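In what follows, a single structure is set out as structure tokens and then discussed.
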Amino acid sequence: MSGLGSPIIELDASGMQIALIAASWHDQVMDGLIAGALRAADQMGAVAQVWRVPGSFELPLIAQQAALSGKFEAVVALGVIIRGGTPHFEYVSSAATDGLNRVALDTNVPVGFGLLTCDDEAQALDRAGLTDSREDKGAEATMAAVSAALVLRDLRSL
Ligand code: DLZ
-17 MSGLGSPIIE
-7 LDASGMQIAL
3 IAASWHDQVM
13 DGLIAGALRA
23 ADQMGAVAQV
33 WRVPGSFELP
43 LIAQQAALSG
53 KFEAVVALGV
63 IIRGGTPHFE
73 YVSSAATDGL
83 NRVALDTNVP
93 VGFGLLTCDD
103 EAQALDRAGL
113 TDSREDKGAE
123 ATMAAVSAAL
133 VLRDLRSL
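Numbering (our numbering), first residue to last: -17 to 140.
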């Protein structure tokens, strides 16, 4: 993981099936987030399938269906919302955030939160796991979801 105070996590998730749900707004940032998520999945031995949705508002529904399919131990949601001159930012951000949290709690499948809510595109690029980025939020969200899925495996085997 990459942000200040974030943990260093090394995980063995060999063969774990995970679903990556990725929005499509702000393509350069999304390319970085998806690449970071796939890199992290690969490093942990997890097998990732990617689905694209139009915008971040659509992430919760598709994340919910992936979780309910029973085929994935973890779901990762990736998106970028840039603050603009309209109230859309607040509506889309809170709908996506609340929805994704609800998916995890309703389905008992961990949902990695790889949704960037940024003031401008430069801030988003800095978190996108690109060559010049300081942070890699796609990888971070993927590691968090897989880590939680491994804890759930342990808890369910008690
Ligand atoms: C409408 C909208 C706006 C203004 N901004 C973004 C954004 O920055 N990032 C994003 O992922 N999606 C945005 N959207 C689209 C909504 O998420 C949604 O796709 C549409 O409102 C259609 O349901």
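Positions of the beta carbon are idealized from the N, C-alpha and C atoms, including for glycine.
Everything numeric in this text was worked out from a predicted model, so none of it was measured.
Other residues of its chain near residue i: CB distance less than 7 Å, five sequence neighbours each side excluded
i: Arg34; result: Ala4 and Ser6
i: Ser(-12); result: Glu122
Candidates the options, of which the one nearest residue i by Cα
i: Thr113; options: Leu(-7), Pro69 and Leu15; result: Leu15
i: Leu77; options: Val58, Leu43 and Ala110; result: Here the sequence assigns Ala to residue 77, which means Leu is not the residue at that position. Closest option to Ala77, Cα to Cα, is Leu43.
i: His8; options: Leu137, Ser115 and Ala104; result: Ala104
Whole-angstrom C-beta distance between residue j and residue i, which should lie under 8 Å
i: Ala127; j: Val85; result: Contact doesn't hold; Cβ gap of about 12 Å is too wide.
8 Å Cβ shell around residue i - same chain, five flanking residues per side excluded
i: Cys100; result: Val62, Ile63, Ile64, Arg65, Ala106 and Arg109
i: Asp(-6); result: Met26 and Gly27
i: Leu82; result: Leu41, Pro42, Ala45, Ala59, Val93, Phe95 and Leu97
Contact check, residue i vs residue j, beta carbons under 8 Å
i: Gln31; j: Ala1; result: yes
i: Met(-2); j: Ala28; result: yes
i: Ala131; j: Ala56; result: yes
i: Ala19; j: Thr124; result: yes
Own chain partners of residue i with C-beta closer than 6 Å, once the 5 adjacent residues on each side are dropped
i: Ser75; result: Ile63 and Thr99
Please give me, in chain order, every unbroken run of the beta strand (DSSP E) with length at least 3 that falls completely inside the segment 2 to 64.
29 to 34 and 56 to 64
Ordered list of beta strand (DSSP E) runs contained in the segment 61 to 114, each at least 3 residues:
93 to 100
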